[in-house]
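K.L.:
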Amino acid sequence: MEKKNIDWGNLGFSYMETDKRFVSNFKDGAWDEGALISDASVTMSECACVLQYAQTCFEGLKAYTTEDGHIVTFRPDLNAERMEASAERLEMPVFPKERFIDAVVQVVAANEAYVPPFGSGATLYLRPYMYGKNAVIGVKPADEFEFRVFCTPVGPYFKGGVKPLTIRVSDFDRAAPNGTGHIKAGLNYAMSLYAIMSAHREGYDENMYLDPKTRTKVEETGGANFLFVTKDNKVVTPKSGSILPSITRRSLVHVAKEYLGLEVEEREVFLDEVKDFAECGLCGTAAVISPVGKIVDHGKEICLPSGMTEMGPVTRKLYDTLTGIQMGRIEAPEGWIKVIK
Ligand SMILES: *Cc1c(COP(=O)(O)O)cnc(C)c1O
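Numbering (the working numbering), first residue to last: -16 to 324.
1. Quick one: Cα of LYS(-14) to Cα of ARG232, how far?
2. Exposed or buried, what is ALA63 when buried is set at 16 or more other beta-carbons lying within 10 Å of its beta-carbon?
3. Within the continuous alpha helix (DSSP H) that includes ALA105, where are the two ends?
4. Compute the distance between the beta-carbons of PRO139 and GLY102, then report whether it is under 8 Å.
5. Sort ASN8, CYS40, ALA182 by Cα distance to HIS281 and report the nearest one.
6. Are three or more beta carbon pairs between the segment 62 to 76 and the segment 183 to 193 nearer than 8 Å?
7. Considering just the uninterrupted stretch of the alpha helix (DSSP H) at ASN62, what are its terminal residues?
8. Ignoring anything shorter than 3 residues, give me the beta strand (DSSP E) runs that lie fully in the segment 172 to 229, in order along the chain.
9. Using a threshold of 7 Å, is the CB atom of THR268 nearer than that to any non-hydrogen atom of ligand 1?
10. What is the rounded straight-line gap between the Cα of THR197 and the Cα of ILE272?
11. Helix or strand or just coil, what does DSSP make of MET75?
12. Report yes if the C-beta distance between GLN309 and PHE57 is below 8 Å; otherwise report no.
13. Looking only at C-alpha atoms, which of LEU210, PRO111, GLY164, ALA261 sits nearest to ILE84?
14. Which residue marks the beginning of the beta strand (DSSP E) containing LYS10, and which one marks its end?
15. Specify, as a first and last residue, the run of the alpha helix (DSSP H) that GLY307 falls within.
16. Quick check: the segment 150 to 161 against the segment 121 to 129, are at least 3 beta-carbon pairs closer than 8 Å?
17. Drop a sphere of 10 angstroms on the beta-carbon of TYR108, count the other beta-carbons inside from all chains shown, and report buried for 16 or more, exposed for fewer.
18. Quick check on GLU286: buried or exposed, where buried means 16 or more other Cβ atoms within 10 Å of its Cβ?
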């Protein structure tokens, strides 16, 4: 397979149209069999439910080339299950798990020329999503839906080396108690755009959101879960019904316990105790873990002992072990790696 002539190492995180995408439509109570198509555009009613009432959810995962030359994805079954939960909460029909995984496999295989080679640091980002497509003007769910998966090559996250982030404690809230924070809905992102732009305008990389009810507990950022490390090497991650269950975070918790023999606590984490942690990281598919060096709470700076130049030692071990599993250097737990080719 001839690869596309792309400068893999210098790709950013942006959309590049690729050759094929998978599309399936739901109508009269059933999904059609779906197909790979070449047209990258979507045409729909001006009154489509997704355009008026944001009835849409999405997923994000990566395909990449391992050290021994296989093309694989990481735990796509968990993306399928999470999308099932998102669809149910948004009154959308579930796209069956086996079909979701098959669609991902088909899209990667059909765009093999865009899967970055091993060692480039780049990956093929996959975006499954679903939306209410027919015209709806009174507030109600659509009854016709479209499920799609497209892909786009993206560059290495830590281009030019790791750089710990500076984040602020946000005055905005991300997700209400009993709201939609635990599902991957577009609406959670729409309302975070102002908050992230305002953080950037003030010189911060990200927002740390607190629980809206008491504003004393750490939730997550706009798109990544927190992992903390205590001074005696315990891994601590916030537990809350309104954070998005990150597949990366859940995988890192397993790695911490089963590969590194670390103690892990999933529990409420109070903002007050953050100053006592040794390390802090943000976990998600994009970076696996981005270290946080500084957290600013209304002018009060919390400087993590791990500093502003590198990952803390435990964060580094977690990062190296999980990326080692993903790249095939370290044996993966059963079912984590889905081999496509
Ligand atoms: C997608 C997402 C994450 C990260 O989840 P992964 O499955 O690890 O990529 C974390 N927080 C939010 C709000 C997200 O939307």
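Even for Gly, the Cβ is constructed at its ideal location relative to N, Cα and C.
P.N.:
So, from the listed chains and residues:
1. 32 Å
2. buried
3. Note, ALA105: premise wrong, no alpha helix (DSSP H); not H, not E.
4. no
5. ALA182
6. no
7. 59 to 72
8. 189 to 191, 208 to 212, 218 to 221
9. yes
10. 28 Å
11. coil
12. yes
13. PRO111
14. 4 to 10
15. 296 to 310
16. no
17. buried
18. It should be pointed out that residue 286 corresponds to Cys in this sequence rather than to Glu. Answer is exposed; the Cβ neighbour count stays below 16.
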